[in-house]
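Below is one structure, written out as structure tokens; comments come after it.
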Amino acid sequence: MGFSQQIVKLLKAHNVQFWTFDILLDEQVRQGLKIYSDWPTYPQLYLDGELLGGIDVVREEMKDPAFVEKLPKLV
Numbered sequence: 001m002g003f004s005q006q007i008v009k010l011l012k013a014h015n016v017q018f019w020t021f022d023i024l025l026d027e028q029v030r031q032g033l034k035i036y037s038d039w040p041t042y043p044q045l046y047l048d049g050e051l052l053g054g055i056d057v058v059r060e061e062m063k064d065p066a067f068v069e070k071l072p073k074l075v
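Those letters in the sequence shown? Residues 1 to 75, per UniProt numbering, in order.
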């Protein structure tokens with residue numbers, strides 16, 4: 001399973017509301033996000049315009065109930 005699929009699975013498992021953008025469709029966005037976030041890899045998870053991290057960081061943070069509570073939930 002790829003990294004993007006892993007983060008989607010993780011978010012769904014915690015009933016998190018999210019949307020995705022396929023960065024492979026737009027080279028400018030792909031390169032621009034690397035500069036904006038100062039984060040070299042994808043996927044990147046953002047909350048209110050702020051980078052939370054990539055798959056490794058998010059996977060670790062999801063173990064913390066306080067972190068999970070901050071994420072928007074599906075109704």
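For every residue, glycine included, the Cβ atom is placed at its ideal position computed from N, Cα and C. The structure presented is a predicted model; accordingly, all values stated were derived computationally and were not measured.
| Check | Outcome |
| --- | --- |
| For residue 44, is the classification buried or exposed, using 16 other Cβ atoms within 10 angstroms of its Cβ as the cut-off for buried? | buried |
| Taking residue 32 as part of the alpha helix (DSSP H), name the residues at either end of that continuous run. | 27–37 |
| Where residue 40 and residue 75 are concerned, what is the direct C-alpha to C-alpha distance, given to the nearest angstrom? | 33 Å |
| Taking 8 Å as the cut-off, decide whether the C-beta atoms of residue 73 and residue 31 are in contact. | no |
| According to DSSP, is residue 73 helix, strand or coil? | strand |
| Just the Cα atoms here: how many angstroms apart are residue 62 and residue 68? | 6 Å |
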